Every structure is written in C-alpha cells, then in structure tokens.
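For the protein sequence lines, the chains are A and B, in the order given.
Under the numbering used here, the first residue of the first sequence is numbered 1, with each subsequent residue one higher.
Under the numbering used here, the first residue of the second sequence is numbered 1001, with each subsequent residue one higher.
All residues carry an ideal CB built from backbone N, CA and C; glycine is no exception.
Given the structure is predicted, the values throughout are model-derived calculations rather than measurements.
Heads up, the thing below is written out as structure tokens.
Number of protein chains: 2
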Amino acid sequence: MTEAPRLDRQVCFALYSASRAATAVYRPILDDLGLTYPQYLVMLVLWESEPRGVKDLGEELGLDSGTLSPLLKRLEALGFVERRRSGEDERRVAIHLTPAGRDLSGKATGIPQHLADAAGLSAEELEQLRTTLGRLTEALHRSH
Amino acid sequence: MTEAPRLDRQVCFALYSASRAATAVYRPILDDLGLTYPQYLVMLVLWESEPRGVKDLGEELGLDSGTLSPLLKRLEALGFVERRRSGEDERRVAIHLTPAGRDLSGKATGIPQHLADAAGLSAEELEQLRTTLGRLTEALHRSH
DNA sequence: CACAATTCAGTTGTGCACAACTTACAGGCC
DNA sequence: GGCCTGTAAGTTGTGCACAACTGAATTGTG
C-alpha cells in the first residue's frame, strides 16, 4: 500500500509558500528603493560592514558566485555599490558601498516592520519561528 | 538614529534560507526521479486527483501560467503528463497523468521522510512549524 | 443575436539559483 | 626559478518566479 505523499502535509511546501509570500509582501516596498529581494539581502550585509569580497557575501547569504556576480553588476549599474579589484590579492573583488548605497540604508529602516505587521503572528511567535527556522537550516546543511 | 535592519534578525531571510536548504536536500533524491522540486509539487497535486486544469494547479501551488506552462511542457516531454485541450471549453488544457507519471508516485513515497530525518527537529516541532507557516502564508496573502 | 467584458493558457523579458566550467592569481614544493 | 595545487570571481546553460502582454474562447448584457 504505497501512498503518495500529500501536498498539504509537506513542511517543504509550507516553507516554499511562506518564503514566496514573504518576498511578495516585500516586493512593492523594495520596488520603491529600486531593489529586488536578493539585492536587498546583499545591501543588508554591506550595511553591517564593508567592503566585503564576493565569497564573503556568498558565505553570509548561502549564494555562490554564479548568482552574486551578475547581481553585483546590477547593483553597480544602479549606483549602489562599486567593485574594485583588491591590490593585495588580485583574485579578490572588494564590494564597496557608494554614498547612494549608504543612503539607502535609512530608507530601508522600516521594512522588516511591514512583514511583522502583515504576518498575523505575535512577536514571540515570530521570534520562535525565526529560531526554529535557523535550527532547521543548520541541520539541513549539516545533513549533506 | 535610523538603524539599518540586521540580516540575522530577519524572519524573511530565515524563511528564504530554510526553503532553499530544504529543496537542496530534496534535489539529489528528485534527481533520481528526473524531477525538479517545482515539478515534484505539480506531480503531488496530480497524484491526489487528475486531470487538472492549469489554473487549477496554479491555485493549489500559488503559481501562474507563466511558470506552469513551460514547466508542464517539460513534464510532458519527460513523459509524465499529457496536455489535452478540453472539449467542452476550448480555452482549458487538461493535464493528465501518463502511466509513467502514475508509476512515479510509488517511487516518491519515502521522500518527505528524508526531510524529516534531515531536519533535526522532533515530529511535534515539525508539525507546529508547518502549522505556523500555514498561518503565516495565509496572513501574508490576505495583507495585499 | 451582437458585442463587450472576462477567463484561460501561453509568450516574452528580467532576475534569481545552481551546476559545471573557465580564467586568473596566489602560495607551497621541488 | 618552474611547477602544482588550491582558490577567487566570472561565464554558460537550465529551470524556475513573476510581471506584462497576447490571442483565443466563453459569458454576460443590451
């Protein structure tokens, strides 16, 4: 009696749906800044500390150069970052914020609150969700 | 004192990371079946009941025809589904399973267990996570 | 019946993800 | 020094997501 798994019982589908729904909530807000969601993530990392190498960004976000290289070119075309070959190590490209990129940080301040407002969950629930997801992601990465 | 949001405090990033980590766990398993993760989701829906229209599938999965049309063509090329124009309503395309598509269901039986094993969470935690994510997705959709 | 509005699937274009590969550079080893 | 191994970033190709649009078929309304 082999039974096909059911869609509505899959944690994986719940994650996939929730993730897409969350970026959909962010999309119109980020549109105002001229950013996509992955570009916003890169900016978040840079706002914490810069310059950063491509590999460095990749480790922070779990993305490889195949995703980041073109994304960073687009951010550079938008005038938010600058890519400079490192002098010490010619292999490395240091990603610097431009003044416009730094300014964007202020406009992005209230963005996470939008998600919290739209989420329909209490602050504790959101906090617990974040923690659980963190543990889950860790475990999934360790598993292969 | 406008402070830039921090990456590691964002529920949205936690969702995004966990979702990608989960599909990464599924990827090698689904490779054996010849499916991508979104293709697997479509098959899950069809295994529950078929034939289904494109719009019908889209509502179930939260995907539009722009995503589904080419995906279904690939599933047809793989020999797992057949697309037939409906007789009653010539606008509609009914997606039928082929025998090969039906057979695949058996091979997919154990897949969700892999995620559960890799998750490092108890059954209750997984169940609670699924429920919370469901509520979150609902609320996010309602919010716009 | 006529025809306007709606619905369904598909197409086009952009931007991720990710695998596989390439190129350029760095550092160690003989 | 010459070579070998490893590493950083970039390129290519495939497959989603999703917005915007197209074209065909159906439904609603006068």
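- Taking a contact to require three or more Cβ pairs closer than 8 angstroms, the stretch 1104–1111 of chain B and the stretch 1006–1015 of chain B do not qualify as touching.
- Beta bridge pairing from DSSP links residue 1095 (chain B) with B:1052, B:1083.
- Here the C-alpha atom of residue 1016 (chain B) lies approximately 16 angstroms from the C-alpha atom of residue 1026 (chain B).
- Inclusion of residue 1081 (chain B) and residue 1101 (chain B) in the CB contact set at 8 angstroms is warranted, their separation being smaller than that value.
- Taking a beta-carbon distance threshold of 8 angstroms, residue 1134 (chain B) counts as an interface residue toward chain A.
- The shortest C-alpha to C-alpha distance from residue 84 (chain A) to any of A:92, A:78, A:46 is the one to A:92.
- Under the Cβ criterion of 8 angstroms, residue 1094 (chain B) is not counted among the residues facing chain A.
- Residues of the stretch 43–58 of chain A with a C-beta atom less than 9 angstroms from some C-beta of chain B are 43, 44, 45, 47, 48, listed in chain order.
- By the neighbour-count definition (other C-beta atoms within 10 Å, threshold 16), residue 19 (chain A) is a buried residue.
- If the five residues before and after residue 1033 (chain B) are omitted, its C-beta is found closer than 7 angstroms to the C-beta atoms of 1104, 1107, 1108, all from its own chain and listed in chain order.
- In the DSSP annotation of this structure, the continuous segment of the alpha helix (DSSP H) that includes residue 67 (chain A) starts and ends at 65–77.
- Residue contact check for residue 125 (chain A) against chain B: a CB pair falls below 8 angstroms.
- Every unbroken stretch of the alpha helix (DSSP H) spanning 4 or more residues and falling wholly within the stretch 3–45 of chain A is given here in chain order: 11–33.
- By the Cβ neighbour-count rule, residue 1077 (chain B) is exposed, with fewer than 16 other Cβ atoms within 10 Å of its own.
- The C-beta of residue 5 (chain A) has 16 or more other C-beta atoms within 10 Å across all chains shown, which makes the residue buried.
- Comparing C-alpha distances from residue 96 (chain A) to each of A:31, A:48, A:36, A:110 shows the shortest one belongs to A:48.
- With a cutoff of 8 angstroms on beta-carbon distance, residue 1123 (chain B) and residue 136 (chain A) are scored as not near each other.
- For residue 1115 (chain B), the enclosing alpha helix (DSSP H) has its first and last residue at 1111–1119.
- Excluding five sequence positions before and after residue 7 (chain A), the CB atoms of its chain that fall closer than 8 angstroms to its own CB belong to 13, given in chain order.
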